[in-house]
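In the numbering used here, the protein residues as written are 146 to 917.
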């Protein structure tokens, strides 16, 4: 019989370094080539895409002008800063961004955080004495937030965004949206002297207390909200009623904000021009003077004392701009079936803020509402952002005289209407609760904290909670003690393969039988690393200690383990040493179900679990020092065959003791194959009482007649590709008279529930085992 013994040797460090050096040029080209994603779509740009982008850009441009000025007011900055900030982002993004839909510029939540930080800055003596200015604060915050963000992208730390879970982002954005709505109530109703920098619940309470002081602003504010929501719901009804006109209705719906601003501004101008003559004497609040053009463009001046003061706030600004931008870009990418490059998005954001500081911009990020409009308008490429930039420039140089007549209540209505989509209802809370209480806790904490404290604190809380939950899940992963069962003959496959199932399985656990007396099977469900090694192997130690029978073998199913470190290796060795106390001082054999993970394989070989040769004063001799001479490995296969209680052949390749076997060791990696002896070198030809054993090395380039191979095994006698093979080997080695396939069958229940449960556990044709 011929058998293929597969080896999967981890490459040496010097080989890895040599391979990296050989492909260094390709790595450099790949690194810098990914920084210019527009090169992938620009050569394919056509007239059809240009028309779609132009229509989309005009639609987004009509939204960006009123929104940017409104968001600047949230940031406690003059309205022109919103226009400055909306220009640079849309110019930078087409060169560096990987999303066709994202509109980079002012956002409501970022503006709220910038405004809250500014409130604490402007009360300091340096600002009151004129040492610090509002302009310095805005550009310094944008410049250094951009520098930090750019540094994160260069170091490819976008992976950190993956540690922020979805409930944390949803809760933070919902709480922030509600905070913005509460802060705009006083402007909607024209209630004076409300400090919106306080906690939202205080702002809401004081607004209700002084609601009797409302003026003419309330009429404009309420009617503006009625118009915005009325057109929105009317458009939804008309779209369902007349789907053939859905496109026209969509553009009508999108234009509701700009129509509102244009109409109320014209009405304001009529009232002031013919009724009062002076904009300072109006009975309602208006936006006021908006300077034309880029009045403060230039190299930002950085005051060191101001930088030291706001330095503690920069991490929260960076966290928010990355979290908000990546959440928007990722969700829109999923909706349109494309994927973004998180590191590239962070780079685009960082450079937009750095260059924006030269144009008097405050920190910017992806805008949820404008990006959604861009996606629904049929954007094809980021090229549309150039047209949006042109619209912003036209607004700055042409329409600023009219902007001073914009009614503040109408602008507040636009803000409320834009952020209410961020607020979620009870159904979302219930959804998180049904999934897992921890998801609800994270969501609720992020939501509620934003209503009772500053926004920067509510940035850190969901991030911290996400990390805590992730660390807990990693430190306390699940595991299973596995046993065997055979499904009913009417439902099982013709081969009657053994099922392996956890003793704690809610449905099948009561039918599970031990694999055999003195054999324990342990299956971790996560990687074995320092944060969970003590816990998992502590549980394994408890199982070993609680064995009623003399322990003979332990099967470790590492099929789901892809990483293993030094701490885990030492913990495993400790358990192996402790197991000797429960085996009458006999050596306990350890059988491993391994995948193709090099990290796991290396740890097991260093600890000596590949051949398990006893070591005086220790556990096993290391197999790692013998990696270049595999004669020892193959010789150990023969030695195992000499021992009647250590027959390692599984049931597929079981052969009689008087048959001959040719061993073919396949080297998977070229670097390792180069270290192996040549094809002419004989690994060993030793004749024993158990038969004739012969093997040779075969490199990846050599052709092997796989039609002659009857089974494939690992070159190390205690490594197996499946739990079926490991369990069979363990039983045959220690209990030769037992047959693992003769486990008591799972009784058929007359109820359909048990029948369905048994059917659900029937193995497929491609699976050797089934771990439930």
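Note that CB positions come from ideal geometry on N, CA and C, so glycine has one too.
| said: Restricting to Cα atoms, I'd like to know which of 597, 724 and 561 is closest to residue 333. | reply: 561
| request: Rounded to whole angstroms, what's the CA-CA distance from residue 109 to residue 464? Just pull it up for me. | output: For residue 109 there is no data in the structure shown, the boundaries of the chain being 146 and 917.
| request: Please report how far the alpha carbon of residue 417 lies from the alpha carbon of residue 202, in whole angstroms. | output: 33 Å
| task | Measure how close the beta-carbons of residue 451 and residue 281 come, nearest whole angstrom, since I'm counting them as under 8 Å. | result | 6 Å
| field | Rounded straight-line distance, which links the Cα of residue 393 to that of residue 431 | value | 32 Å
| Length of the line joining the Cα atoms of residue 263 and residue 509 | 15 Å
| So, are the CB atoms of residue 737 and residue 701 less than 7 Å apart? | yes
| request: Confirm, please, whether the CB-CB distance from residue 249 to residue 497 is below 7 Å. | output: yes
| task | Consult DSSP for residue 753 and reduce its assignment to one of helix, strand or coil. | result | coil
| task | Work out the CA separation of residue 495 and residue 297 for me, nearest whole Å. | result | 9 Å
| request: Kindly list the residues whose CB is nearer than 8 Å to the CB of residue 767, restricted to its own chain and excluding five residues on each side of it in sequence; keep chain order. | output: 750, 751, 752 and 753
| request: Answer with buried or exposed for residue 312, where buried requires no fewer than 16 other C-beta atoms within 10 angstroms of its C-beta. | output: buried
| request: Decide if residue 778 is buried, meaning its Cβ has at least 16 other Cβ atoms within 10 Å, or exposed. | output: Reliability of the predicted coordinates at residue 778 is poor, the pLDDT of 44 falling under 50, and the value obtained from them is presented with this limitation in mind. Buried, because 16 or more other Cβ atoms sit within 10 Å of the Cβ of residue 778.
| task | Report the rounded CA-to-CA distance for residue 409 versus residue 557, giving the unit in angstroms. | result | 13 Å
| task | Kindly say whether residue 269, judged by its beta-carbon, lies nearer than 7 Å to any beta-carbon of chain C. | result | Here chain C cannot be found, since the structure has a single protein chain.
| By the 10 Å Cβ neighbour count, where 16 or more other Cβ atoms means buried, how is residue 445 classified, buried or exposed? | buried
| request: From the DSSP output, read off the bridge partner residues of residue 668. | output: 625
| Per-residue DSSP class, three states only, for residue 482 | coil
| query | What is the C-beta distance between residue 667 and residue 624, in whole angstroms, given that I count them as a contact (C-beta under 8 Å)? | reply | 7 Å
| task | Identify the continuous alpha helix (DSSP H) that holds residue 186 and give its terminal residues. | result | 183 to 186
| query | Tell me the DSSP bridge mates of residue 709? | reply | 673
| field | residue 648 - DSSP class collapsed to helix/strand/coil | value | coil
| task | Along the alpha helix (DSSP H) that carries residue 381, what are the first and last residues, could you check? | result | 362 to 386
| Hey, out of 223, 318 and 478, whose CA is closest to residue 567's CA? | 318
| task | Let me know the secondary structure DSSP gives residue 855 once reduced to three states. | result | strand
| field | When 168, 734 and 604 are compared against residue 718, the one with the closest alpha-carbon | value | 734
| Would you call the stretch 232 to 249 and the stretch 473 to 491 in contact, with 3 or more CB pairs under 8 Å? | yes
| How is residue 888 classed by DSSP in three states: helix, strand or coil? | Its pLDDT being 36, under 50, residue 888 is placed unreliably in this model, and the coordinates cannot settle the point.
| Around the C-beta of residue 162, are 16 or more other C-beta atoms found within 10 angstroms, so that it is buried, or is it exposed? | exposed
| task | Check residue 560 in the structure and name its three-state DSSP category. | result | helix
| field | Uninterrupted alpha helix (DSSP H) stretches inside the stretch 431 to 501 (no shorter than 4 residues) | value | 449 to 455, 459 to 480 and 487 to 501
| request: Taking the CB atoms as reference points, tell me whether residue 216 and residue 251 lie closer together than 7 Å. | output: yes
| Once you ignore the five residues that flank residue 745 on each side, which residues in its own chain have a CB closer than 8 Å to its CB? | 673, 703, 706, 707, 708, 709 and 739
| Assigned exposure category for residue 261 - 16 Cβ within 10 Å defines buried | buried
| query | Among residues of its own chain, excluding the 5 on either side of residue 335, which ones have a beta-carbon nearer than 6 Å to its beta-carbon? | reply | 359, 360, 362 and 363
| query | Can you tell me the Cα-Cα spacing of residue 346 and residue 648, whole angstroms? | reply | 52 Å
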